[in-house]
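Please read the structure below before turning to the comments.
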Amino acid sequence: MQSDTLCIIPPGKRKIWDRDATRGPASARDAYTGTLNRKARAYAEASGCDWVILSAKHGFLLPADTVPGNYDTAFGTTNAGIISADELARQWEEKDLHTYSRVEVLGGKKFRPIIGALAGSAAVYFPLENSRGIGDMLHLLDAWTVRMLKTDDK
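Taking this note's numbering, the leading residue of the sequence shown gets 2, the next gets one more, and so forth.
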């Protein structure tokens, strides 16, 4: 990791095992196949940010981290499989996520209390928080990604 900005990306419900249930473990980069995840990752990469996926089951996943298989766990539910706040705090330190001075959370309101408890002195932004729904989020991510790519061309 080398950027001063960390983008936190939601995993989304769709995963690679939805297409191939016999597939074994996959990297976090490959495991999540939903539209919001793909577009958020494209924006993060176009803007030069480092990124992690915040999974309700596995916590903070770096792109090369292994996801062992399919699951259906989400923040904001009463699912017993949700990762604990203590484990998230441990991962935040262990994976050096505390070293970033800026954090962009490309998910909804349910991430605010989680990141707020961990971010310390980092400037934290939730650019999609006031979106009118998933369609609006996807549109904004597309527009921002195009703008970043055009800026790189100049």
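Ideal placement from N, C-alpha and C gives every residue a C-beta, glycine not left out.
Alpha carbon of residue i to alpha carbon of residue j, nearest angstrom
{"i": "Pro-26", "j": "Asp-5", "result": "30 Å"}
{"i": "Asp-87", "j": "Asn-38", "result": "25 Å"}
{"i": "Thr-34", "j": "Ala-90", "result": "26 Å"}
{"i": "Lys-58", "j": "Ala-75", "result": "8 Å"}
{"i": "Ala-29", "j": "Arg-42", "result": "11 Å"}
{"i": "Val-68", "j": "Asp-31", "result": "9 Å"}
{"i": "His-140", "j": "Thr-36", "result": "11 Å"}
{"i": "Lys-151", "j": "Ser-48", "result": "11 Å"}
{"i": "Asp-66", "j": "Met-149", "result": "27 Å"}
Coil, strand or helix - residue i by DSSP
{"i": "Leu-62", "result": "strand"}
{"i": "Thr-79", "result": "coil"}
{"i": "Ile-135", "result": "helix"}
{"i": "Lys-14", "result": "coil"}
{"i": "Thr-146", "result": "helix"}
{"i": "Asp-1", "result": "Because the chain spans 2 through 155 in this model, residue 1 falls outside it and cannot be assessed."}
Cβ distance (whole Å) where residue i is taken to contact residue j below 8 Å
{"i": "Ala-123", "j": "Val-104", "result": "5 Å"}
{"i": "Lys-110", "j": "Glu-95", "result": "With 8 Å as the limit, Lys-110 and Glu-95 do not qualify as a contact, their Cβ atoms being about 26 Å apart."}
Residues sharing a beta bridge with residue i, DSSP
{"i": "Ser-56", "result": "Gly-60"}
{"i": "Val-68", "result": "Ala-27"}
{"i": "Thr-6", "result": "Arg-103"}
- Message: Runs of 4 residues minimum, wholly inside the segment 19–52: which ones carry the alpha helix (DSSP H) assignment?
- Response: List check, alpha helix (DSSP H) in window: 29–32, 36–47.
- Message: My parser needs the beta strand (DSSP E) runs of 3 or more residues fully inside the segment 97–129; what are they?
- Response: 103–106, 124–126
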